[in-house]
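**Student:** Handing you this structure, nothing more for now.
There are 2 protein chains.
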Amino acid sequence: MTIETAVQRRMPIALDQAFASFDEHWSPRVVTHVNDYDVRVTKVEGEHVWHVHDDTDEFFLVLDGELEIGLREPSGERTVTLPKGSVFTVPRGTEHKPTARPGTRILLFEPTGTLTVGDRHDEVPDHVDVTTGHALKA
Amino acid sequence: MTIETAVQRRMPIALDQAFASFDEHWSPRVVTHVNDYDVRVTKVEGEHVWHVHDDTDEFFLVLDGELEIGLREPSGERTVTLPKGSVFTVPRGTEHKPTARPGTRILLFEPTGTLTVGDRHDEVPDHVDVTTGHALKA
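As given, the protein sequences belong to chains D and C, one line each in that order.
Every letter in the first sequence is one number past the one before it in full-length UniProt numbering, and letter 9, counting from 1, is 9.
Every letter in the second sequence is one number past the one before it in full-length UniProt numbering, and letter 22, counting from 1, is 22.
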C-alpha cells in the first residue's frame with residue numbers, strides 16, 4: 001500500500017515507508033495529527049540553526065542515529081545528547097540548536113503551524129527548510 | 001544515571017531505561033510533557049477494553065511487537081494492525097480496543113489527565129490499570 005492510500009484510508013503509517021518517500025534533511029513530513037498537534041518525522045544531518053519557539057515546547061524522539069541539542073538556558077549553555085531510542089522536550093522560550101550525525105531520523109510532536117525555525121532565529125542556512133511541515137506523498 | 005536523576009536534571013530519557021523501571025502491562029509511565037500533553041510509554045499484552053475518548057484523539061507508536069486496534073466507526077467495525085515502527089491516531093469519539101502480542105511496547109501522546117479507559121468503557125478487567133499515567137521512578 002502506498003503512503004497516500006494509507007493516509008486516505010486512515011490506515012497505520014509505517015515510518016520506514018514514510019522516510020523512504022523523501023530525501024531532504026531538516027524538512028519534516030507530517031505523518032499524522034493529534035487534535036491540533038502534528039506528529040512529524042525528519043531526516044537530519046549536520047547543523048540546524050539556533051532558534052526559539054516562544055509559545056510551545058518541542059518534543060524529540062530519536063528513531064535512528066544520534067542528535068545533540070544545544071540549549072541556552074538562564075543558567076548558561078549546555079548540550080544534551082540523544083542516542084537512538086531517547087526522548088527530550090525543549091521547553092518553550094529556550095533557544096536551541098539541534099545537530100545530528102549522518103543517518104539520523106527523528107520524530108517530533110508540536111502544535112500544527114509551528115515553524116521549523118521558531119519565532120526568532122539566527123540566519124537560516126540553505127540546507128534548513130523553513131516550513132510548518134510537508135504532507136506525505138507516495 | 002538513574003531515571004529520577006535524568007528527570008530532575010532535565011536530561012534526555014532513554015526509553016529502554018524507562019521500560020526497565022516497571023513490569024506492569026497496560027499501565028503507562030509519563031516520560032515527558034509537551035505543553036499540556038503527556039508522552040507516555042506502556043508495556044502491553046493481550047486485550048485492553050473497548051473505550052472512547054469523547055474529547056481527544058489518541059496517538060499510538062509501536063516501538064516493539066505488534067498492536068491491533070479495533071475501531072467502531074459509523075461505517076462499521078474494523079481492525080487496524082500496527083507492526084513495529086508504525087503510527088496511528090484514533091480520532092476522538094471513536095470507540096476502540098487495543099490488543100497486543102506479548103512483548104509489545106508503545107508510545108502514546110495525549111492530553112495530560114486523559115484516562116486509560118476514556119470517558120466511557122466496557123467493564124474494566126483486572127489487568128487494565130485505570131490511570132492518567134504514572135511518574136517514572138528509578
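Ideal Cβ placement from N, Cα and C applies to all residues, glycine included.
1) Could you tell me the alpha carbon to alpha carbon distance between ASP126 (chain D) and HIS53 (chain C), rounded to whole angstroms?
2) Cβ closer than 8 Å: which chain D residues qualify as neighbours of HIS33 (chain C)?
3) Compare the C-beta of ILE13 (chain C) with all C-beta atoms of chain D and state if any pair is closer than 8 Å.
4) On the three-pair Cβ rule with 8 Å, is the stretch 16-27 of chain D touching the stretch 1-15 of chain C?
5) Kindly indicate if chain C contains any beta-carbon less than 8 Å away from that of VAL128 (chain D).
6) Tell whether a beta-carbon distance below 8 Å holds between VAL87 (chain C) and ILE13 (chain D).
7) Name the one or two DSSP bridge partners that GLY85 (chain C) has.
8) If you draw a straight line from the alpha carbon of VAL44 (chain C) to that of ASP57 (chain C), how long is it in whole angstroms?
9) List, in chain order, every chain C residue whose beta-carbon is nearer than 8 Å to that of THR81 (chain D).
10) By how many angstroms is the C-alpha of THR116 (chain D) removed from the C-alpha of ASP129 (chain D)?
11) Extract the residue ranges of the beta strand (DSSP E) inside the UniProt domain "Cyclic nucleotide-binding" (18-88) of chain D, only unbroken runs of 3 or more that lie entirely within it.
12) Any residues in the stretch 98-111 of chain C with a beta carbon nearer than 9 Å to a beta carbon of chain D? Which ones, in chain order?
13) Could you check the C-alpha separation between ARG78 (chain D) and LEU71 (chain D) for me, to the nearest Å?
14) Using only alpha-carbon positions, find the residue among C:LEU136, C:HIS51 and C:GLY103 that is nearest to GLU123 (chain C).
15) Looking at the strands, I want to know which residues DSSP matches up with ARG105 (chain C).
16) Exposed or buried, which one is GLY118 (chain C) when buried takes at least 16 other CB atoms within 10 Å?
17) Looking only at its own chain, which residues have a Cβ that is under 7 Å from the Cβ of GLY113 (chain C), when we skip the five neighbours before and after it?
18) Starting from THR5 (chain D), trace the alpha helix (DSSP H) in both directions and tell me its first and last residue.
19) Closer than 9 Å by beta-carbon distance: list the chain D residues that pair up with VAL39 (chain C), in chain order.
20) Can you give the Cα-Cα distance for VAL30 (chain C) and GLU47 (chain D), rounded to whole angstroms?
21) Contact criterion: CB-CB distance below 8 Å. Does ASP119 (chain D) meet it with respect to chain C?
22) To which residues of the same chain is ARG92 (chain D) closer than 7 Å at the C-beta, ignoring the five residues directly before and after it?
23) Would you mind giving the Cβ-Cβ distance between THR89 (chain D) and GLU68 (chain D), rounded to the nearest angstrom? I have them listed as a contact below 8 Å.
24) Return the residue from the list D:VAL41, D:LEU15, D:PRO74 and D:THR99 that minimises the CA-CA distance to PRO83 (chain D).
25) Just to confirm my understanding: we take ARG101 (chain D), look at its own chain, exclude 5 residues before and 5 after, and list those with CB closer than 6 Å. What are they?
**Tutor:** Straight from the coordinates:
1) For the purposes of this step, residue 126 (chain D) is taken as residue 126 along the first sequence, with counting starting at 1. For the purposes of this step, residue 53 (chain C) is taken as residue 53 along the second sequence, with counting starting at 1. Each residue's alpha carbon lies about 43 Å from the other.
2) Numbered from 1 along the second sequence, position 33 holds the residue referred to as residue 33 (chain C). Within chain D, the residues near HIS33 (chain C) are ASP57 and THR89.
3) Within the second sequence, residue 13 (chain C) is the residue found at index 13, counting from 1. Yes - at least one Cβ of chain D is within 8 Å of the one on ILE13 (chain C).
4) no
5) Position 128 of the first sequence holds residue 128 (chain D). Cβ-Cβ to chain C under 8 Å: no for VAL128 (chain D).
6) As a first step, residue 87 (chain C) is located in the second sequence; it is residue number 87 there, counting from the start. As a first step, residue 13 (chain D) is located in the first sequence; it is residue number 13 there, counting from the start. Yes, the Cβ-Cβ distance between VAL87 (chain C) and ILE13 (chain D) is below 8 Å.
7) Reading the second sequence from its first residue, position 85 is the one you call residue 85 (chain C). BP columns for GLY85 (chain C) are empty, so no partner.
8) What you label residue 44 (chain C) is simply residue 44 of the second sequence in a count that begins at 1. What you label residue 57 (chain C) is simply residue 57 of the second sequence in a count that begins at 1. If I take the Cα positions, the gap works out to 19 Å.
9) Along the first sequence, read from residue 1 onward, the residue named residue 81 (chain D) stands at position 81. Within 8 Å Cβ-Cβ: PRO12.
10) Stepping through the first sequence from its first residue, residue 129 (chain D) is reached at position 129. Stepping through the first sequence from its first residue, residue 116 (chain D) is reached at position 116. In a straight line, the C-alpha of ASP129 (chain D) is about 7 Å away from that of THR116 (chain D).
11) 29-34, 37-47, 58-64, 66-73 and 76-83
12) LEU107, PHE109, GLU110 and PRO111
13) Here the question's residue 78 (chain D) lines up with position 78 in the first sequence. Here the question's residue 71 (chain D) lines up with position 71 in the first sequence. When rounded, the distance between both Cα atoms is 5 Å.
14) Here residue 123 (chain C) refers to the residue found at position 123 of the second sequence. Cα-wise, what sits closest to GLU123 (chain C) is C:HIS51.
15) Counting from 1 along the second sequence, the entry for residue 105 (chain C) is found at position 105. Partner(s): C:LYS43 and C:ASP64.
16) Sequence index remark: in the second sequence, residue 118 (chain C) carries index 118 (1-based). Looking at its Cβ environment, which holds 16 or more other Cβ atoms inside 10 Å, GLY118 (chain C) is buried.
17) Looking up residue 113 (chain C) in the second sequence gives position 113. These residues qualify, in order along the chain: THR132.
18) For the purposes of this step, residue 5 (chain D) is identified with residue 5 of the first sequence, where counting begins at 1. 3-8 is the extent of the alpha helix (DSSP H) around THR5 (chain D).
19) Indexing the second sequence from 1 puts residue 39 (chain C) at position 39. The contacting residues are PHE59, LEU61, VAL87, THR89 and PHE109.
20) Here residue 30 (chain C) refers to the residue found at position 30 when the second sequence is read from its first residue. Here residue 47 (chain D) refers to the residue found at position 47 when the first sequence is read from its first residue. Going by the C-alpha atoms only, they are around 30 Å apart.
21) On the first sequence, residue 119 (chain D) is found 119 positions in, with the first residue counted as 1. False, the Cβ-Cβ gap to chain C never drops below 8 Å.
22) The residue labelled residue 92 (chain D) in the question sits at position 92 within the first sequence. Result list for ARG92 (chain D): HIS53, ASP54, ASP55, THR56 and ASP57, in chain order.
23) By one-based count along the first sequence, residue 89 (chain D) stands at place 89. By one-based count along the first sequence, residue 68 (chain D) stands at place 68. Not a contact, Cβ separation roughly 15 Å.
24) Counting from one through the first sequence, the residue named residue 83 (chain D) turns up at place 83. Of the candidates D:VAL41, D:LEU15, D:PRO74 and D:THR99, the one whose C-alpha sits nearest the C-alpha of PRO83 (chain D) is D:THR99.
25) Counting from one through the first sequence, the residue named residue 101 (chain D) turns up at place 101. Excluding sequence neighbours, ARG101 (chain D) sits near GLY65 and GLU66.
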